Amino acid sequence: MSSSDKKRSEVKIKPMSLRELKEIRKTQKNSGIIIKKLDKHLTFKWNSMDSLDKYVDKYKTSIIGKWISSLNGIVLGCVKAIAQQNCLIIEDQNCLHTDISFYFIIFSPKVGQSYNCTITKVEKKYVLGKLFDIVPCLIKHAPEETSIGSILSFKFVRAEFKGKLAMLSGTYNEEAGT
12 MSSSDKKRSE VKIKPMSLRE LKEIRKTQKN SGIIIKKLDK HLTFKWNSMD
62 SLDKYVDKYK TSIIGKWISS LNGIVLGCVK AIAQQNCLII EDQNCLHTDI
112 SFYFIIFSPK VGQSYNCTIT KVEKKYVLGK LFDIVPCLIK HAPEETSIGS
162 ILSFKFVRAE FKGKLAMLSG TYNEEAGT
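Going by my numbering, the sequence shown opens with residue 12, and the numbers climb by one from there.
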């Protein structure tokens, strides 16, 4: 198989919508999810002016599930992106400069806070799950009868990072039950 035949492996993560955010806020008052604005200066190829929306969407989806330190949280989705009117091409550079305001759905976990996640894998010493179907979680001391697809409450202990990708670690929350 030649290198041109190989495809890049992409992780497909479904971003959180505004409707899902509102539902979570109704049911979980201390969910840790908020909307924050991020102003970003992006550069694109000079001939991409007609497909600027496509490249902005590509950028938005590339940071879903990643920790952004300037926002102090994990990006779960984007409500909207507004491109500023003054895009320009600088004379000696071969790229288009533009300023874009993103309104991201951000999750900022707090140590000791309880969260509910959906279990995706069960092992002897721990279980793996997804929080909001986006953020991976590792939960220790889970009950033996835990099965894939069940919802488990855990107390957040720490976040581990591989690059910008975040994984939450915690222990089973016995007070909340399953």
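We put the beta carbon where it would ideally sit given N, CA and C, even for glycine.
All values derive from a computational prediction rather than experimental measurement.
Query	Result
Beta-carbon gap between residue 87 and residue 145 smaller than 8 Å	yes
Limits of the alpha helix (DSSP H) - the one that residue 35 falls within	29-38
Secondary structure of residue 110, DSSP reduced to three states	strand
Cβ neighbour criterion (16 or more within 10 Å) applied to residue 138	buried
The beta strand (DSSP E) enclosing residue 50, as first and last residue numbers	44-56
Cβ-Cβ distance between residue 48 and residue 112 below 8 Å	yes
Whole-angstrom distance between residue 37 and residue 173, CA atom to CA atom	32 Å
Sheet register partners of residue 147 (DSSP bridge)	141
Under 8 Å between C-beta atoms of residue 168 and residue 122	yes
Neighbourhood of residue 98 by C-beta, 8 Å cutoff - its chain only, sequence neighbours within 5 removed	60, 63, 107, 108, 109
Close-in-space but distant-in-sequence residues of the same chain around residue 32 (CB under 7 Å, 5 per side omitted)	44, 116
Residue environment, residue 30, which counts as buried when at least 16 other CB atoms sit within 10 Å	exposed
Pair within 8 Å by beta-carbon distance, residue 114 and residue 90	yes
Residue 63 (DSSP reduced to helix, strand or coil)	helix
Inter-residue spacing [alpha-carbon to alpha-carbon] between residue 164 and residue 153	9 Å
Residue 77 and residue 176 closer than 8 Å at C-beta	yes
As assigned by DSSP and simplified to three states, the class of residue 73	helix
Distance between residue 46 and residue 183 (C-alpha atoms, nearest Å)	28 Å
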